[in-house]
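Novice:
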Amino acid sequence: MPSDKPITIACDACRRRKVKCDALQPCNRCESAGIACRTTSVRRKKGRQGATATVLHELRKAPERPEAPSFPLTGPSDQFIRQPRLLRATVVQSCAEYFFARMLGTVPILLPVTYQSHVDRMAESLPSYCLVSAFCAFVFTQTGYASSLSPGDSAGTGTLGRQLLTEAMAARRHLDPFAAPTRVGITIAFLLYGCQIGLGNQRQAYYFLREATTLYTAGMLDQADTGIDEDAGSLFWLLLISERAHAIRRHRPITLQVTRDSPVLHHAEPDAFRLGFRCLAELYRPFDQTFLSRWNGTDSPSSREQLIHLEEHLLQAVPADLELPDVLLADLRVSQQWLRTMIWQLATSSGFLSSTPSHPCLGFAYPLQIARDLSLATWKLSKESLETHGVGLVEKMFEITCTLTDVMACMSPTGLRSSSFDLGPQDYLKHLCTLIQGLPGGETKFLPLLLAKIGQTLPSMLGPVTRHLGLPVQDAISPKEVDIGSPIALGKDWNKAFNWAEMSRIGDKTPEIEGGLELGLGF
1 MPSDKPITIA CDACRRRKVK CDALQPCNRC ESAGIACRTT SVRRKKGRQG
51 ATATVLHELR KAPERPEAPS FPLTGPSDQF IRQPRLLRAT VVQSCAEYFF
101 ARMLGTVPIL LPVTYQSHVD RMAESLPSYC LVSAFCAFVF TQTGYASSLS
151 PGDSAGTGTL GRQLLTEAMA ARRHLDPFAA PTRVGITIAF LLYGCQIGLG
201 NQRQAYYFLR EATTLYTAGM LDQADTGIDE DAGSLFWLLL ISERAHAIRR
251 HRPITLQVTR DSPVLHHAEP DAFRLGFRCL AELYRPFDQT FLSRWNGTDS
301 PSSREQLIHL EEHLLQAVPA DLELPDVLLA DLRVSQQWLR TMIWQLATSS
351 GFLSSTPSHP CLGFAYPLQI ARDLSLATWK LSKESLETHG VGLVEKMFEI
401 TCTLTDVMAC MSPTGLRSSS FDLGPQDYLK HLCTLIQGLP GGETKFLPLL
451 LAKIGQTLPS MLGPVTRHLG LPVQDAISPK EVDIGSPIAL GKDWNKAFNW
501 AEMSRIGDKT PEIEGGLELG LGF
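Take the sequence shown: its position 187, counted from the start at 1, is 187 in full-length UniProt numbering, and no numbers get skipped.
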């Protein structure tokens, strides 16, 4: 029976070099090496068959492709061949409309006028072409852009995003980051960082993030740039926010520090987007190298007073009565609750939790308050505002929900269900699971892990949660429902609500995401 699998034949050069060939015409390896890509259907005998069988010899000859000069900043490159009809005008325009209408308050990497200037020059400027390709790839891979399209249009956005990223990566290989305008190099590196974390490529993402911060700390912004007025303060804080969120998640080192010489956000009368970004920057300001050293266990633990001060700072940075558009509040509220969860985890590992805490963040029940605050905030927000921030926002919700599940597992049955008038922990759990299920990447990447954790840690809630989500319950792991009564209000006698023998499990790591997945910008 003939096989349905297409037959691919490696090109001659890849076969001689014994490297994997992608079977394209020309293949990427030959194109990168600048040699002719030829494929013959008849295999030659093994061993050397003369000078023409040597790839090195062919590299030296290369009769079809003359030696290309280094790429000028304002002219086309002979080394890089652009994919035709990939970066269409409709794609460029629609990505810009989506980004600048929704994302400027959390990712101020480009101003509209700057982006348009690169669009106008990308036909003759490879740096501009690379930047626009990376920008469009970023919108497709990092945000919820696909969900805003009609079903017919959104079917191929995942493939298009990957194609655009491949094109941007190929163009970047022909650029000298020290020869191109500095701001352009930083922007391209940051956009590629966002693309890679959107696709779950953690190592590549960290590489590009470090490249962006290294270019910045090299002091290259002092050099002459594109001539277009940009906000250096916003760029500094965007890189700082991204680096610190990544460092907290993945226990990585950081480069940028806040000093008296650091750029400031000069906005005398800020609009909504600028005000939202200022609040976001303020959220991450105190999470410096000192905090990360304690977080990573390489320095002495934080004191109770230091953790209380961090908690109070987070509450002041994003006040409860802050009025901003939903798309800005979505990222601010979720990031705020996620950072509060990180503080509580640090208090847990430091041994500060108590049934009679001096401050709520040092209490066992604190994750229930975080889940309540997050639920109340997200109930008021539109789904579109949450989708805009892509899988990065979903990952924060996932970590908050995992912590909530751990705490609920330590409670007695009478503390889980709501009463006639008040919401309870199980209501927060169901709501957060519903959000995760409905947001980009949640149903496929995070929800299975979350349900597995609930089934293992809190089996009494697996049936109610899966029925609430409209999913079939697996009989093999679905326990019998237990009779659970009214909730115990925050601040009451938690000695009766918690199983203290189980509290030692609190602070365990949440389930690993398959493949070391790093998702979202993590603001």
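Cβ atoms here follow ideal geometry from the backbone N, Cα and C, with glycine treated the same way.
Determine the DSSP secondary structure at G105, reduced to helix, strand or coil.
Specialist: coil
Novice: Would the stretch 116-132 and the stretch 202-214 be scored as touching if the rule is three or more Cβ pairs under 8 Å?
Specialist: no
Novice: Would you check if the distance between the CB atom of L199 and the CB atom of F138 is smaller than 7 Å?
Specialist: no
Novice: Look at the alpha carbon of Y216 and the alpha carbon of P181, and state the distance between them as a whole number of angstroms.
Specialist: 12 Å
Novice: Is it right to say W344 is buried, meaning 16 or more other beta carbons lie within 10 angstroms of its own, or is it exposed?
Specialist: The residue in question, W344, is buried, as its Cβ has 16 or more Cβ neighbours within 10 Å.
Novice: Can you tell me the Cα-Cα spacing of G390 and P440, whole angstroms?
Specialist: 6 Å
Novice: To the nearest angstrom, how far is the alpha carbon of L315 from that of Y284?
Specialist: 12 Å
Novice: From T226 to S128, what does the alpha carbon distance come to, in whole angstroms?
Specialist: Annotation note: pLDDT 43 at T226 (below 50); position unreliable, coordinate value reported separately. Whole-angstrom Cα-Cα distance: 11 Å.
Novice: Taking a contact to mean a Cβ-Cβ separation below 7 Å, would you say C195 touches L165 in this structure?
Specialist: yes
Novice: Per DSSP, what kind of secondary structure is G441 in: helix, strand or coil?
Specialist: coil
Novice: Run through the DSSP bridge pairs and tell me what S300 is partnered with.
Specialist: Looking at the DSSP assignment, S300 forms no beta bridge with any residue, so it has no partner.
Novice: When you compare only the Cα positions, how much space is there between S355 and S302?
Specialist: C-alpha separation (whole angstroms): 20 Å.
Novice: Could you work out which residue in H309, K396, T388 is closest to V334 when comparing CA atoms only?
Specialist: K396
Novice: Is G363 helix, strand or coil by DSSP?
Specialist: strand
Novice: In whole angstroms, what separates the C-alpha of D231 from that of C279?
Specialist: A straight-line Cα-Cα distance of about 17 Å links D231 and C279.
Novice: Who are the near neighbours of S385 in its chain, counting only those whose CB is closer than 6 Å to its CB and skipping five residues on each side?
Specialist: For S385, where only same-chain residues beyond five positions count, the Cβ hits under 6 Å are D326, V327, A330.
Novice: Bridge partners of S354, per DSSP?
Specialist: G363.
Novice: Between L265 and chain D, is there a C-beta pair that is closer than 7 Å?
Specialist: This model lacks chain D altogether, as it is built from one protein chain only.
Novice: Out of curiosity, what's the CA-to-CA distance linking D427 and M408?
Specialist: 12 Å
Novice: Where do the N-terminal and C-terminal ends of the alpha helix (DSSP H) with S385 fall, by residue?
Specialist: Start and end: 383-387.
Novice: Is the CB-CB distance between residue 536 and I436 below 7 Å?
Specialist: What the structure shows of the chain is the stretch from 1 to 523, and residue 536 is not part of that stretch, so it cannot be assessed.
Novice: For L310, is the classification buried or exposed, using 16 other Cβ atoms within 10 angstroms of its Cβ as the cut-off for buried?
Specialist: By the neighbour-count criterion, in which a residue is buried when 16 or more other Cβ atoms sit within 10 angstroms of its Cβ, L310 is buried.
Novice: Roughly how many angstroms separate the alpha carbons of T298 and L429, rounded to a whole number?
Specialist: 34 Å
Novice: Under the three-state reduction of DSSP, which class applies to G470: helix, strand or coil?
Specialist: coil
Novice: Quick one: using the 10 Å Cβ neighbour count with 16 as the cut-off for buried, is V113 buried or exposed?
Specialist: exposed
Novice: Around the Cβ of F178, are there at least 16 other Cβ atoms within 10 angstroms (buried) or fewer (exposed)?
Specialist: Burial call: exposed.
Novice: Figure out for me which residue from L346, R183, K380 has the closest Cα to the Cα of T403.
Specialist: L346
Novice: Looking at the structure shown, is P286 part of a helix, part of a strand, or coil, going by DSSP?
Specialist: coil
Novice: Which one of L324, R244, A272 has the shortest CA to CA distance from W295?
Specialist: Ranking L324, R244, A272 by CA distance to the CA of W295 puts R244 first.
Novice: To the nearest angstrom, how far is the alpha carbon of L451 from that of E399?
Specialist: The alpha-carbon atoms of L451 and E399 are separated by roughly 13 Å.
Novice: Considering only residues of the same chain and omitting the five flanking positions on each side of Y145, which have a CB-CB separation below 6 Å?
Specialist: Y98, V139
Novice: To the nearest angstrom, how far is it from the Cα of A218 to the Cα of S117?
Specialist: 26 Å
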